Each structure stands twice: as structure tokens, then as C-alpha cells.
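J.:
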Amino acid sequence: MSAFGTNMRELRQAAGWTLRELGARANVSHSYLGKMELDQVSDPTAPTALAIDRALSAGGRLAGLACQAPVSDALDVIGDVDPDPSRPLGEADVISMRDRIWQLVGLDREAGGDELYRVGLKVLGPARAKLAAGRYATQHEADLRAVVAELSQVTAWLAYDADEQSVARRLLDDGVLGAELAGEERLAWFVRDQRCLQSQHLGRPSEALAMADRALADPHTRGRMASISLIRRARALAALGSTEALPLLDRARSELAQGMGSADSPWTAWMHTPEQDLHAALAHSALGLHRQAADLAIRAINGLPAAQVRDGAVYRAYLVQILTVAGAWEDAIEVLAEMRTRCAQVGSTRMANLVVASATRPGTPQPVAEAARAALAVR
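Here it is, written out as C-alpha cells:
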């Protein structure tokens, strides 16, 4: 069975739907859906994949799998922009931008942000310009501001993965403002949470700690949002050398294990168990608990869904970082050798720079640097 058919069946069964029910929601023939699951037809076209993805609330998981062409071939389709700058934005633009968000998220899981963030900017630019100039249907203003804010967040994430950090920060600032103007407090939290994550990545733990504390003090930060903000606080404390981080991680894990509630923000669904393990691994590493850190990182890698190809490479880059900090040179070389194929598949400068930083750490022996060069030579 194709990856698309397998994932569609898993999501459909998890929703408790028959093929006929999914077909009605996606406006797709149930017999065609059945043939997909039996691998009797090729993967669907992008519009059909998006319709199925949306019906199953897959968040781009299926849309990305359906795009089997090289990323460079898909960019022309996603990056088409409105050729008429005088036409006001309306409801059709809300739908179109949401579709493009799903496309970008799906492709990012496969390929990384290096090429995709420029596509996000290409889609975002005309919409932001019209919104700023007041060229939109006023009855759709809130939805337009919200979807542009979300597209800003997604493009910021892609720029973050491409290690274009100044671009990412500007987009995140725009996203926060847009979400606030739209009255979307949960989306505003999500964008601020990404700013906090970026501060951690850039080695600014005091800044990240202040952001996490501000989020936790906000009455709108509830449920899974609060648990994720606890993880951010724990990471910042660990980077500052405080063992207070460890019970916070345990508390967040316990809370997140309760699953998604009806009142939880949809923008918290991505914090799955492997992602929690990775953040716990990095916190343990910062505190000098190297064996626990490596074990947690390996568990995160092993638990990662196969569809998250980019994350498979990035998680391993973080494992290399953990191992080189611990002085576990042979283990680091083994992981780097295993990464060669993954580096060829993934366009993530963030991942590559993590590997380079680990290989050039003072005291790192030459064989590690050579293994890193070999792993990245295919990029």
C-alpha cells in the first residue's frame, strides 16, 4: 500500500469513519478512496489530497505525502500569486491561503525549509500588502487577518529551519500582531511560543525564560498551551544550570499524556511524545546528564513518525550535538555515518549547521569532523 493510502486509512479509522462518510466530507467518491487504500490507483492530485487532508484534519500530513514530485517542481504550483493587485481580498483568499498553508506544512515535513520559506514569502507578500492597505472585504477581515497571521507563522518556521533567523523573527512579530488584531489569542500564543523556541535555539536562555514566564502568567494560556510553556521554561532553566528544570519536564509530560481535550488549542497537537523526549534530552544535556540525554534523544528518534523525514534528520543532528558535548566520539561518528542518506533528502540549513557546530566544537577529534563533512557532502 502507498504511504498516502496507509496514512489515510489510519486517520479514517481513528476518526471512526467509513469510506462513504469520508467521501461525503471530502467530496470524493468512496469507491475511489477504497481503491487508494488498496493501492489500486495512483496517489491523488494535489487538490484531491488537500480535500481529504482537510476532511480528516490531518494538518498537511496527507497533502505532503501526495506530492511525490521533487520539491522544486511543487514550488511553482504553491507559489502562484494573485496577478491583480487591485482586487480586494475576500473569502476565496482565506480558503486559498489555508490550502497553501497545508501544502507548505506537508512539504516541510518531507523536505525542510530551505526552499520552502521563499515560497511562503512569495504567497504572503501580496496578501500582507492588501491587508495593510485596507483592500479587503470588511466582513471577512477577522478571518483574513487570522489566516495571514498563520501563514506568517508557517513561513517563519520555514525560515527558522533554513536558519534565516532574522527573517523568521520579523515574520513572527508580524504574526503576533496579526493574531492579536484578529482576536485569535490561541494563535497569538502559538506564534509567541515559536519566538521562545527561537530564543532557545539562538542561545538566549534568559530571554526564553522571560517569554515562558510571561506566557504562563497569561490567563489565556491553558491546558496543553500551559504544558508546552512549561517545557520552554524547563529548557531555559536547564540552559541556565538550574535542576529545577527536571520536575517541570516531568509535570509537563504528565499533563500532555492526557491527550487533546475539546478546549485545547489545535496548534498544540504537534507536541507529540517524541518531541517531548527531544526537549527533555536537550535539557538533560545542558545539565551535564549525558547518558540520560542520549537515551532520551534515541527514544525520540525511534518514536518519530516515518512521514516526518525532515525531523528524522534534525533529531539526529541534535543527537550528534548531545554526543559530542559528552565526548562520545565513536557514537557520534556512527550517527553521522547513518545521516548521509538523510542529509541528501532534507533541505534544512538548521540541521546542517547543528552538525557543523558539533564537529567544530573545541576538542573534537578529527575523525568526527571528517564524518560530519562526509555526511553533509551530499547536500
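Under this note's numbering, think of the first position of the sequence shown as 417, with each following residue one higher.
Glycine is no exception: its CB is placed at the ideal position from the N, C-alpha and C atoms.
For clarity, every value in this text was computed on a predicted model and none was experimentally measured.
Can the beta-carbon of Thr684 be found closer than 8 Å to that of Ile644?
T.: Counted from its first residue, the sequence shown places residue 684 at position 268. Counted from its first residue, the sequence shown places residue 644 at position 228. The answer is yes: Cβ separation under 8 Å.
J.: Taking only the alpha-carbon atoms, compute the straight-line gap between Asn596 and Ala572 and give it to the nearest angstrom.
T.: Translated into the one-based positions of the sequence shown, residue 596 becomes position 180. Translated into the one-based positions of the sequence shown, residue 572 becomes position 156. The amino acid occupying residue 596 in the given sequence is Glu; Asn does not appear at that position. Distance between the alpha carbons of Glu596 and Ala572 is about 17 Å.
J.: If contacts are defined as beta-carbon pairs under 8 Å, then Ile749 and Ala710 qualify, I think. What distance do you get, rounded to the angstrom?
T.: The count along the sequence shown starts at 1 and reaches residue 749 at position 333. The count along the sequence shown starts at 1 and reaches residue 710 at position 294. Contact flag wrong, Cβ pair sits at about 14 Å.
J.: What residue from Arg732, Val725, Ala742 has the CA that sits closest to Gly522's CA?
T.: In the sequence shown, the residue the question calls residue 522 occupies position 106. Out of Arg732, Val725, Ala742, Val725 has the C-alpha closest to the C-alpha of Gly522.
J.: Can you give me the C-alpha to C-alpha distance between Ala584 and Gln610, rounded to a whole angstrom?
T.: On the sequence shown, residue 584 is found 168 positions in, with the first residue counted as 1. On the sequence shown, residue 610 is found 194 positions in, with the first residue counted as 1. About 10 Å.
J.: The alpha helix (DSSP H) spanning Ala679 covers which residue range?
T.: Within the sequence shown, numbered from 1, the residue matching residue 679 stands at position 263. Run containing Ala679: none; DSSP gives neither H nor E here.
J.: Excluding the five sequence neighbours on either side, which residues of its own chain have a C-beta within less than 6 Å of the C-beta of Ala442, listed in chain order?
T.: Residue numbering aside, residue 442 sits at position 26 when the sequence shown is read from its first letter. Excluding residues within five positions, the ones whose Cβ falls inside 6 Å are Ala467, Ile468, Ala471.
J.: Is the beta carbon of Gly389 sitting closer than 8 Å to the one on Leu427?
T.: Because residue 389 is not part of the residues shown, which for the chain are 417 to 795, the question remains open.
J.: I need the boundaries of the alpha helix (DSSP H) containing Pro783, first residue and last residue.
T.: As a first step, residue 783 must be located in the sequence shown, where it is residue number 367. 782 to 792 is the span of the alpha helix (DSSP H), which, as asked, contains Pro783.
J.: Let me confirm a value: Trp511 is counted as buried when at least 16 other C-beta atoms fall within 10 Å, else exposed. Which label applies?
T.: If you number the sequence shown from 1, residue 511 lands on position 95. According to the sequence as given, residue 511 is Ile; it is not Trp. Exposed.
J.: Say whether the stretch 725 to 734 touches the stretch 756 to 763, bearing in mind that this needs 3 or more beta-carbon pairs closer than 8 Å, one atom from each stretch.
T.: Contact between the stretch 725 to 734 and the stretch 756 to 763 is present, because at least three Cβ pairs lie under 8 Å.
J.: Answer yes if the stretch 596 to 607 comes into contact with the stretch 630 to 637, meaning at least three C-beta pairs across the two stretches below 8 Å, and no otherwise.
T.: Yes, the stretch 630 to 637 is in contact with the stretch 596 to 607.
J.: State the Cα-Cα distance for the pair Leu664 and Ala716, rounded to the nearest angstrom.
T.: The residue given as residue 664 occupies position 248 in the sequence shown. The residue given as residue 716 occupies position 300 in the sequence shown. Taking the straight line joining both Cα atoms gives about 19 Å.
J.: Going by alpha carbons, who is nearest to Gly506 out of Gln555, Glu526, Ala474, Ser473?
T.: As a first step, residue 506 must be located in the sequence shown, where it is residue number 90. Cα-wise, what sits closest to Gly506 is Gln555.
J.: In whole angstroms, give me the CA-to-CA distance for Tyr533 and Val607.
T.: Position 117 of the sequence shown holds residue 533. Position 191 of the sequence shown holds residue 607. Their backbone Cα atoms lie some 16 Å apart in a straight line.
J.: What do you reckon, is the C-beta of Ala744 under 7 Å from a heavy atom of the ligand ATP?
T.: The ligand ATP is not among the ligands present in this structure, which contains no ligands whatsoever.
J.: Looking at the structure shown, is Asp515 part of a helix, part of a strand, or coil, going by DSSP?
T.: The residue you call residue 515 lines up with position 99 of the sequence shown. DSSP places Asp515 in helix when its eight states are reduced to three.
J.: How many Å lie between Asp515 and Gly550 at the Cα?
T.: Residue numbering aside, residue 515 sits at position 99 when the sequence shown is read from its first letter. Residue numbering aside, residue 550 sits at position 134 when the sequence shown is read from its first letter. Cα-Cα distance, rounded: 23 Å.
J.: Look up Leu703 in the DSSP assignment and say whether it is helix, strand or coil.
T.: Taking the first residue of the sequence shown as position 1, residue 703 is located at position 287. Coil.
J.: When the Cα atoms are used, what is the spatial distance from Gly421 to Leu520?
T.: Start at 1 with the first residue of the sequence shown, and residue 421 comes out as number 5. Start at 1 with the first residue of the sequence shown, and residue 520 comes out as number 104. Taking the straight line joining both Cα atoms gives about 20 Å.
J.: Would you grab the beta carbon distance between Ala545 and Ala598 for me? Rounded to a whole angstrom, and I think it's under 8 Å.
T.: Here the question's residue 545 lines up with position 129 in the sequence shown. Here the question's residue 598 lines up with position 182 in the sequence shown. Wrong, their Cβ atoms sit about 17 Å apart, outside the cutoff.
J.: For Ala578 versus Gln616, is the C-beta spacing smaller than 8 Å?
T.: Taking the sequence shown and counting its residues from 1, the one referred to as residue 578 is at position 162. Taking the sequence shown and counting its residues from 1, the one referred to as residue 616 is at position 200. Going by C-beta atoms, Ala578 is not nearer than 8 Å to Gln616.
J.: Tell me the residue span of the alpha helix (DSSP H) that contains Tyr552.
T.: Residue numbering aside, residue 552 sits at position 136 when the sequence shown is read from its first letter. First-last for Tyr552: undefined, no H or E at that position.
J.: Evaluate Gln429 with the Cβ neighbour count: other Cβ atoms within 10 Å of its Cβ, from every protein chain shown; 16 or more gives buried, anything less gives exposed.
T.: Within the sequence shown, residue 429 is the residue found at index 13, counting from 1. It is exposed - the Cβ of Gln429 has fewer than 16 other Cβ atoms within 10 Å.
J.: So, for Thr740: in the same chain, excluding its five sequence neighbours on each side, which residues have a beta-carbon less than 7 Å away from its beta-carbon?
T.: The residue you call residue 740 lines up with position 324 of the sequence shown. Same-chain partners within the cutoff: Ala748, Ser774, Arg777, Thr780, Val784.
J.: In whole angstroms, what separates the C-alpha of Leu694 from that of Ser670?
T.: For the purposes of this step, residue 694 is taken as the residue at position 278 of the sequence shown. For the purposes of this step, residue 670 is taken as the residue at position 254 of the sequence shown. Approximately 16 Å between the Cα atoms of the pair.
J.: Which residue's Cα is closest to the Cα of Ala787: Leu752, Asp666, Met627?
T.: On the sequence shown, residue 787 is found 371 positions in, with the first residue counted as 1. Cα-wise, what sits closest to Ala787 is Leu752.
J.: Report all residues from its chain with a CB closer than 7 Å to the CB of Val592; omit the five preceding and five following residues, and keep chain order.
T.: One-based indexing of the sequence shown puts residue 592 at position 176. Hits under 7 Å: Ala604, Val607, Arg608.
J.: Taking a contact to mean a Cβ-Cβ separation below 8 Å, would you say Gln692 touches Leu672 in this structure?
T.: As a working note, residue 692 is residue 276 in the sequence shown. As a working note, residue 672 is residue 256 in the sequence shown. Closer than 8 Å, so yes.
J.: Tell me, which residues are paired with Leu505 by DSSP?
T.: Numbered from its first residue, the sequence shown carries residue 505 at position 89. Answer by DSSP bridge pairing, in chain order: Tyr552.
J.: Leaving out five residues on either side along the sequence, give the residues of the same chain with a beta carbon under 8 Å from the beta carbon of Asp489.
T.: Position 73 of the sequence shown, counted from the start, is the residue given in the question as residue 489. Only weak support exists for where Asp489 lies, its pLDDT of 49 falling under 50; the coordinates are left without a value.
J.: Let me know if Ala793 comes out buried or exposed under the rule of 16 or more other beta-carbons within 10 Å of its beta-carbon.
T.: Locating residue 793 in the sequence shown gives position 377, counting from the first residue. Burial call: exposed.
J.: What does the alpha-carbon distance come out to for the pair Asp590 and Asn423?
T.: Counting from one through the sequence shown, the residue named residue 590 turns up at place 174. Counting from one through the sequence shown, the residue named residue 423 turns up at place 7. Cα-Cα distance, rounded: 34 Å.
J.: Ala650 lies in the alpha helix (DSSP H); which residues open and close that run?
T.: Within the sequence shown, residue 650 is the residue found at index 234, counting from 1. Segment 640 to 655, the alpha helix (DSSP H) holding Ala650.
J.: For Leu537, which residues from the same chain have a beta carbon less than 7 Å from its beta carbon, with the 5 sequence-adjacent residues on both sides left out?
T.: The sequence position of residue 537 within the sequence shown is 121, counting from 1. Closer than 7 Å at the Cβ level, and outside the excluded window around Leu537, lie Thr571.
J.: Is Pro621 helix, strand or coil when you go by DSSP?
T.: Start at 1 with the first residue of the sequence shown, and residue 621 comes out as number 205. If DSSP states are grouped into helix, strand and coil, Pro621 belongs with the helices.
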